[in-house]
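Using full-length UniProt numbering, the letters of the sequence shown map in sequence onto residues 1 to 180.
Ideal Cβ placement from N, Cα and C applies to all residues, glycine included.
Please read the structure below before turning to the comments.
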Amino acid sequence: MVFLLRVEPSILNILSALPPITSATHIFLPINDNRDPNLPEGGSHWSLLVVSVKDRAAFHYDSLGGSNRRHARDVAAKVEEWIGYPLNLYELDDDTPQQGNSYDCGVHVCMNMRRLLDRMLDTPAGKEVKMSLKGKGWDARGGRNEMLGIVTKLRRKAERSLSPGDRRGRDGRSPPPRIE
């Protein structure tokens, strides 16, 4: 959705495909640096844009020193069209944990999102949420392992939810019996 929002010249062309946001307090938007709408799997870097609808503010978290700044600004401008009013955009490069290599950006986006969501859920309604991530270091390997654990747990849950008569895989074969 974010890529479509960024590359579509007119928000009116995609408005019916966008979810309603009138009751949203925050919108979390992963930003990718792909510029080619004909190459949806393109791009090499991810960052996070968080829009606080109530505060009319957008916060950009980039673990690679602001390299996605232009793309975040483009998306923020489209969100302004979508919600119908201007946003104050805060580039939080100095307040965002930086990755130590060229490939952990996706893990950083997920960990930043989790930290911010935890804060929002732990903060009483009406109280200000601290949006800075300054001083927070991430263990990318630990983050990867945590995500793998979540995916594995969800996969197992989905497998258990299949009815006993419908246990064939995509290839049409029955899986081995479960041992729990």
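{"Check": "ALA57 beta carbon less than 9 angstroms from that of LEU87", "Outcome": "yes"}
{"Check": "Complete runs of the beta strand (DSSP E) confined to the UniProt domain \"Ubiquitin-like protease family profile\" (1-116) [at least 3 residues]", "Outcome": "26-32, 46-52, 57-61 and 88-91"}
{"Check": "GLY151 classed as buried or exposed, judged by whether at least 16 other C-beta atoms fall within 10 angstroms", "Outcome": "Reading the sequence as shown, one finds Val at residue 151 and not Gly. That one is exposed."}
{"Check": "Reduced DSSP category for LYS134 - H, G, I as helix; E, B as strand; rest coil", "Outcome": "coil"}
{"Check": "Inter-residue spacing [alpha-carbon to alpha-carbon] between VAL7 and GLY43", "Outcome": "13 angstroms"}
{"Check": "Residues of its chain near ASP104, where Cβ-Cβ distance is below 6 angstroms and the 5 sequence neighbours each way are ignored", "Outcome": "ALA140"}
{"Check": "Beta-carbon proximity of MET131 to ASP95, cut-off 9 angstroms", "Outcome": "yes"}
{"Check": "Coil, strand or helix - LEU162 by DSSP", "Outcome": "coil"}
{"Check": "Among VAL129, TRP138 and LEU121, nearest to ASN112 - alpha-carbon criterion", "Outcome": "TRP138"}
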